[in-house]
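In the numbering used here, the protein residues as written are 2 to 196. Glycine included, every Cβ here is placed at the ideal spot set by N, Cα and C. One structure is given below, encoded as structure tokens.
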Amino acid sequence: MIRLKSDDIKQAALKHFSTHGYEGASLSKIAEEVGLKKQSLYSHFKNKDDLFLQVLRDAGEVELQTKLTFFNNRQDPSPEKSLYAFLVMVKELFQLDERMKFWLRISFFPPEHLYHLIGNEVLAIEDQVRKMLEAKFAEWMSKEQIFVEKPRIPASAFMGIVDALMIELVYDSNPERINEKLESAWTVFWRGISK
């Protein structure tokens, strides 16, 4: 596959935006890193906002596709094992993938002038993931593998666990504490939806 210069620019920008935030990232340093002058960036991206938003959308697409395809790739039909594995996958995804670290930080701390735009992007992805989860819960309910009134209830509760896990990943780098919170939330959640 041929790698485009714009991909190299986005990769360098990802590193700079992740490390320095929107305000601290320098277009000159991004350009220098890929062997360009700052002015040359404008032949690939309109401005700093355009570059930032394209990096953000790439990261959001990775998050969305990873989460949406997770259950399609699972061979184990057990909701307990699948849901727990999903939480572990989310934790590892945001700990190991630089794009996801960026997505997580920016979704919590967006640049002020892009606040609503980024908020809408984050919520749109969350809505798609929630709908996928609702469909999985409906499937499990039909097979009497879980016991709840409506699929939206456990899907929303489960998304709450994912959100709490993400907050923990933003503010805490202690793996033991992150794992303890994940295990505690998971245990209470699973007891609530299983016999």
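Query	Result
Work out the CA separation of Glu150 and Asp1 for me, nearest whole Å.	Past the edges of the chain, shown from 2 to 196, lies residue 1, and the structure says nothing about it.
Leu88 and Trp187 look like a contact to me (Cβ under 8 Å); what is the Cβ gap, rounded to whole Å?	6 Å
Would you mind giving the Cβ-Cβ distance between Ala156 and Trp104, rounded to the nearest angstrom? I have them listed as a contact below 8 Å.	Not quite, the Cβ-Cβ distance comes to about 21 Å (not below 8 Å), so this is no contact.
Pull up the distance between the alpha-carbon of Leu170 and that of Leu97, whole angstroms please.	11 Å
Could you check the C-alpha separation between Phe1 and Val130 for me, to the nearest Å?	This structure cannot settle anything about residue 1, because the visible part of the chain is limited to 2 through 196.
Any chance the segment 23–35 sits against the segment 71–81, with 3 or more Cβ pairs inside 8 Å?	no
What are the boundary residues of the alpha helix (DSSP H) that includes Glu145?	From DSSP, Glu145 is part of no alpha helix (DSSP H); its letter is neither H nor E.
Could you tell me whether the segment 174–183 touches the segment 114–132, using the rule of 3 or more Cβ pairs below 8 Å?	no
Under DSSP, the alpha helix (DSSP H) around His45 begins and ends at which residues?	His45 -> no alpha helix (DSSP H), and no H or E assigned at all.
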